Amino acid sequence: MTQMEYAKPRSFKELDGIFESAKGPLRFIAGGTNVVPDLRAGTISPRLLVDLSGLKEMAYIREVKGEIAIGALSTISDILASRVICDKAPLLFQAARHLGSPLTRNRATIGGNLADASPAADTAPSLLAMGAMVHTRRRRGKERTIPLDRFFLGPNKTILAKDEIITRITFAKPKDPSRGRYLKLGLRNAMTISVASLAVSLEPEGSSFGGARIGLGAVAPTPVRAYLVEKKLASGAMDPKNIEACAQLITKEISPISDIRASADYRKRVVAVLFQRAIQAAVNGGTP
Amino acid sequence: MPEKQHPANDHPPVDVVGRSLPRCDAADKALGNTKYAEDYFLPGMLYGKVLRSEHAAAKILSIDTRNAEKLSGVRAVMTAKDVPHNETITRFGQTHTVGGFEGLYRILADKKVRFMGEGVALVAADTPAIAEEAARLIRVDYQPLPGVFDPFEALKRGAHRVGEESSNLVCYYKVRQGDITEGFAASDVIVKNTYRVPFQEHAYIEPEAGLAWIDDDGVINIQVCTQVIEHYREIADVLGLSYNKVRVKGTWIGGGFGGKEDITVETYLALLTWKTKRPVKMAYSREESIICHGKRHPYIMTYKTGATREGKLMALEAKLVSDAGAYVYLSPWVLLYSTVGAAGPYKIPHVKIDARTVLTNNTFSSAFRGFGVPQVCFAYESQMDELAERLHLSPLELRRRNYLRKGEATATGYVLEHYAASPEAAEKALEALGEKTKSKSPAVKIGRGIGSSMTSYGRMVFLHDTSRSYVGMELDGSVTVRCGVQDLGGGQASSLAQIAAEILGVSMADTRVFIADTALTPIAGTTTATRQLYMSGNATSMAAKEVRKNLLDKAGEILGAEPGDLDLRDGIISVMNDPSRSVPLNTVVRACASSGISLFHIAQFNAPARELVDFKKGQGQVFPDFTFGTHAAEVAVDVETGKIDVLKLAACFDVGKAINPQAVEGQLEGGTIQGMGYALLEDVILDKGITLTPSFSEYLIPTSLDAVDVRCILIESGDGIGPFGAKGVGEPSLVSAAPALANAVRDAIGAGIPDLPLTRNAS
C-alpha cells in the first residue's frame, strides 16, 4: 500500500527543513479542495504531503502604498469579506463570488486556485485583468516575482519549481474600480465550472479606451490575456464599431477546446457576447 | 374477475387525514438523528469492496487473486466461481411471476464483461484501505471486444452480441388501433419529428450502502437502503438457502427514485458475510454509484401526429427504440410503460406504435421515477405544441379539444373508469404562473409552456400485486402499525400512521409505524410504481377498520347503542347524536382485552388482477388507474448565449385525496425539479461505454440557486382507488416537467429542440 507522509510546517524555516529531508515527490496542500479529491481518485500519489495551512503569515489582505497584496493562504471567503477587495478591487470580488459553493469558498485559497492552474480557474481572469504579480519563495528563502500572464504553462502546469510556493499576489490598486466587469458563463447558477469567463478592466482616457486589460478563462489551455484585443481597443475609439470589431477579433485570439461542458464553437461565440456585454457595462456603468 | 376494492371510501376523514401534520420521520431527520444505511457499525465487522470492470466489452481470460489473498488483513476474495448460483433471473418482486421477459443477470461477471463497472470480484478486509488495495492486486486478464454502444447499431445483422442470445433485441411491443393510413388521410396537418433523450442518473443524496451479519439462528441479516426488501428471495437463491434463512431490513432511505429497485450491495454483502462468517459493511462511493447502477433509458422516438384543421387528433404513429444497456433488468417493463403511455392523455382514433428495447455495452438502464413515461411525454407534448402552432391554436386549446375524459378509451383500448382531470389541471397550472414576466433586454426572450401527462400508479395489473399491513391497538390506547413498506423519504411510513390514526381516532403522536423488515413486518411489496400509498395505504386502512369495528362493537355494548351510531375521535367513543353518552377509548380497550376480543388485524389488499395483455396489438388493461396533471413553466432564454433561466414552475395534479397536503406538495416540488434537471442539465455521457460524467463535477443536477419555488395546486377529486380516494403522485410529479420547459423554450425562441437536455450547444 502506498504510504503518504504528512508535514505541516509552522514557519518558512520548518518548511526549509522539510525540503532538505524530503525523499521522493512532494505535493503542497492548502485548502485541499483540489488536492483531496485528486488523492481520493488516485490521480496523484505523492510520497509527502506538505500542508501549508500552518504558515499563518501568508493569510492577509492589505493595501500598502497603492498596491493590494493578498497572502496566498487567504481563502475565497476571506476575499469576499475584505473591505479592501470589495471597495478597491471589486473585479476580484465579482469573480470570487462565483467560485464553487460556500463550503468550497471557506476552504479554497487564492494561492491554491492559481497553483492548480485550471484553465477555468475562477480568480485568474480578474487577476490577469488587473495585471497581478505572483510572488514566490523557494527553499532557503529564494524569492521571485512572476507576472501572472507568464505563470501558467498549460492545464494544471505552472512555472513553479517543485520546492516553490506562492506567498502572495499583488496588483496595483485599479485607478477606477467601477470600470471592471467579470462575467462567467457556466451550465448552472452555482457550483459550476466555467464554460467561458471574462474579466475586463478599463482605464478610459477621454474618448479612448486607454489602458484596457482583458483576462479570459476556459477558452485556452490556460487563463490568458487578450493582448491583441487590448491593443485594438486602445488604438481605436470608444465606440460600438470598435467594440464590435474587437468582439470579432477575440474569437480569433482564443483556442478553446470541445469537452463535455461545451463545444469550441460555442465557447467562441459566447466569449464575443460576454466581451461586448462586459465592455458596455464597464463603459456605461451598470450590470451586464 | 375480483371486484375492485375501495376499502376506505366509506370513512370520510375527520381529524387527521387531509391535514399537513409533521411527518413522523421529520423531526429526527431535521435534527440529524436519523441513521442511514452507512451509519451502522458492528464490532469486528469487515469492509467489502467490489472490483469492477474497466472495459465495457471484453472476454475475461483469467483472474488471479493470489496477491490479493496474501495481503495482510484480507479475509475473503470471491469471483464468479465462488458464487453458489451466479446467474439469476429478475422476477419483478412478488409471488405472481409472468413469463416471457425474465432478465438474466450475473452476480459477478463470468467469462466476459458486458459493461464498464460490472462487478468482477469481491473483497472483504479489515479496513476499507486494505479492501481497496486488495481489489487493486487482483489481476484480471481481459481481451477487449469491439462492443456495441448504439441501439440501432446493435440491431444490425452481425453486430457484437452483448449477451448470450442470438440477437440484441430484448423485446418488441406493438399497439394497433384503427388504421393510421386512414387517420393521416383525414388529417389536415401532420407533424413528424425524431426526439432523443439521454441517460439520467438518480443522483440520490445517499449512495448505496449496507451491513450484513449472521445472527444466532444462522440467518443472514442484511440491513440496506433498498426500495425492495423482497429481494431476500433472490439473495437466498444465489446462496442456495431457503427463503427463511435470509432477512432484509430496510433503513430509512436518502432517495431511491428507482435506482434502489434492483439489487445493489445486498447480494455482495450476503456472499461476503456467508464466506467469512463475520459482519461485513459495504458503501459505494459517489463515482462507483454513478458508474455501476442502472440509469433512465435513453430513447430515440420518431413521432408522426396528424390532426384536422379543427384541432382534432386523428392519427399517431410512433417508433420507440430504447437503450437497455448491458443487462435486461427492468427494460421490458419500462418499455411497456412507454408503449402504453406513448399516445399521452389524448383521444386518438388511429394509433400505431412500435417499441423496441435493445442491449448495448453501455451501463444498464432500468427503473427511474416515471419508468419510461417521461421519455414519451417529452415527445408527444413537443408534438402537441408544434401542431398547435401549425393550427394557430393555443397549446392549451389544442389539448382541451383532445384530452381523454372518463368513460373514453385510451390507445390501448382501456376505458377510463375514473375522473380524468386533464382539462382542469392544465387550466389551473397555466393560471398559477400569474402575469407574464417582462423581458429587461432584447437578447432575453420570455416563453411559456405546458406539459400534460397521464401516469399510472400501482403495478401492472397482470402482476396481481398485493400488500399487507398489521394494525394493532396497544393496551394503553396507542396504535402500532407494522408494514413492510420501504420509506424513500417520500413519507411512505408517515402516511400509514396518518391513515391508522384517522380510523382509530388517535393522534399521529400516538401512532407508531414499524417498517421494512422481512422478518417482522408483513410483506408490503416494493416502494416503486407509485404504489405504496395506494397498496399499503389500502391494506393499513382495511386492517385499522377491523380493529375499529371490534372497538365500536364493544363500546356499543357498554353504551347500549348501535355500533353504527358511534363516533371515535380523540380517544373517546361517543354516541353521534348524543355526545353526553361516551366512554374513553382506554376503557373499551381494556374491556376488549379482558373479553378476548382481538385488537389487531393483518389485512391483505389485492390490486385488481387482469390477464396478460396481448403484446402484438397492445390492447387491454395494463394499469389499475392513472394520475392526471399538468406542469407549466415560464423561462427566460438569452438568445445570445443560449442560457435558460427558469422563472416560474407550476404543477397541478389530481391527487384524489391529499392524505397529507404538505407531503404531497413535497413530492410535487421534488419531482418537478428533478424533471427540470432532466430538461436542462442532466446527461450521463458515455464514450464507447466509458462514463465521462462519474461525479457531480461533470454530472450536473440543479442546485438551490437553479431551482424555483414550484407553485403546487392539488385537485382532490376523491376518485382514486387508494385510501380515502387517493391517487399516487410520486412519479407523475416528474413526468411532464421536462416537456413543459421544452415547450416554454420553444415559445421563447420560436423553434422546438428535439433533444434533451436542452443544451446551448444545440444549433
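Which chain is which? The protein sequence lines are A and B, in order. 964 is the number of the first residue of the first sequence in the numbering used here; add one for each residue after it. 21 is the number of the first residue of the second sequence in the numbering used here; add one for each residue after it. Think of the CB as a built atom: it goes at the ideal place given N, C-alpha and C, for glycine as much as any other residue. Every value quoted in this text rests on a predicted model; they were computed, and no experiment measured them.
Inter-residue CB distance, B:Gly230 and B:Ile242 (contact presumed, cutoff 8 Å): 6 Å
Within 7 Å (strictly less), CB to CB, does A:Leu1150 reach chain D? Protein chains A and B are contained in the structure displayed, whereas chain D is not.
Just to confirm the assignment, what range does the alpha helix (DSSP H) spanning A:Gln1243 have? Ala1227 to Asn1247
Rounded to the nearest angstrom, how far is the Cβ of B:Ala96 from that of B:Thr284, given a contact under 8 Å? Contact flag wrong, Cβ pair sits at about 19 Å.
Outcome for B:Tyr366 when other beta-carbon atoms lying within 10 angstroms are tallied against a minimum of 16: buried
So, using beta-carbon positions, are B:Cys312 and B:Gly183 closer together than 7 Å? no
Tell me which residues share the same chain as B:Asp146 and place their Cβ nearer than 6 Å to its Cβ, disregarding the 5 neighbours each side in the sequence. Gly93
Nonlocal neighbours in the same chain, by C-beta distance under 7 Å from B:Pro714, ignoring five residues either side: Glu307, Ile310 and Ile311
Residues of the segment 1210 to 1230 of chain A with Cβ closer than 7 Å to any Cβ of chain B, in chain order: Ile1223, Ala1225, Ser1226 and Tyr1229
Ignore the nearest five residues each way along the sequence and tell me which others in A:Phe1115's own chain have a CB closer than 7 Å to its CB. Ala1080, Thr1121, Thr1185 and Pro1186
Could you give the distance in angstroms between the alpha-carbon of B:Val34 and the alpha-carbon of B:Arg419? 37 Å
Assigned secondary structure, B:Leu81 (DSSP; H/G/I helix, E/B strand, else coil): strand
Inter-residue CB distance, B:Thr246 and B:Glu221 (contact presumed, cutoff 8 Å): Their Cβ separation, rounded to whole angstroms, is 18 Å, which puts B:Thr246 and B:Glu221 out of contact at 8 Å.
B:Met404: first and last residue of the uninterrupted alpha helix (DSSP H) it sits in: Val393 to Leu411
Where does B:Met555 sit, in a helix, a strand or coil, going by DSSP? helix
Please work out which residues of its chain come closer than 7 Å, Cβ to Cβ, to A:Gln966, disregarding the five sequence neighbours upstream and downstream, and give them in chain order. none
For A:Ala949, which residues in chain B fall below 8 Å Cβ to Cβ? Not covered by the structure: residue 949 of chain A. The range shown for chain A is 964 to 1251.
Quick check on B:Gly119: buried or exposed, where buried means 16 or more other Cβ atoms within 10 Å of its Cβ? Note that B:Gly119 has pLDDT 44, beneath the 50 cutoff, so the model's placement of it is unreliable and no number is given.
For B:Ala174, report the span of its alpha helix (DSSP H) as first-last. Pro171 to Leu175
Could you work out which residues of chain A lie near B:Lys663, taking near to mean beta carbons separated by less than 8 Å? Leu1148
How about the segment 411 to 425 of chain B and the segment 342 to 353 of chain B: do they share at least three Cβ pairs that are nearer than 8 Å? no
C-alpha distance - B:His116 paired with B:Val533, whole-angstrom precision: Because the pLDDT at B:His116 is just 44, under 50, the model does not fix this residue reliably, and the value given afterwards should be weighed accordingly. Between B:His116 and B:Val533, the C-alpha separation is close to 27 Å.
Just by C-beta distance, which residues in the segment 713 to 733 of chain B are closer than 9 Å to chain A? Thr713, Ser715, Phe716, Ser717, Glu718, Leu720, Ile721, Pro722, Thr723, Ser724, Leu725 and Asp726
Which residue comes first and which comes last in the alpha helix (DSSP H) that contains B:Ser615? Where B:Ser615 is concerned, there is no enclosing alpha helix (DSSP H), given that its DSSP letter is neither H nor E.
B:Leu632, DSSP secondary structure in three states: coil
Report all residues from its chain with a CB closer than 7 Å to the CB of A:Gly1029; omit the five preceding and five following residues, and keep chain order. Ala1135 and Lys1136
If we cut at 7 Å on Cβ distances, does B:Val660 have a partner in chain A? A small correction: the amino acid at residue 660 of chain B is Glu; Val does not occupy that position in the sequence shown. Yes - at least one Cβ of chain A is within 7 Å of the one on B:Glu660.
Please list, in chain order, the residues of the segment 218 to 230 of chain B that have any C-beta partner in chain A closer than 8 Å. none
A:Gln1057 - containing alpha helix (DSSP H), residue span: Pro1053 to Arg1060
Verify whether the separation of the beta carbon atoms of B:Thr560 and B:Ser498 is less than 7 Å. no
Does the distance from the C-beta atom of B:Gly68 to that of B:Tyr288 stay below 7 Å? yes
Examine the Cβ distances between the segment 1187 to 1203 of chain A and the segment 735 to 751 of chain B and report whether three or more of them are shorter than 8 Å. no
Using a Cβ-Cβ distance under 7 Å, would B:Ile773 count as near chain A? no
Could you give the residue range of the beta strand (DSSP E) that holds A:Ser1170? Run containing A:Ser1170: none; DSSP gives neither H nor E here.
Quick check: what's the CA-CA separation for A:Glu983 versus A:Gly994? 24 Å
Could you list the residues in the segment 680 to 710 of chain B with a C-beta less than 7 Å from some C-beta on chain A, going in chain order? Leu701 and Ile705
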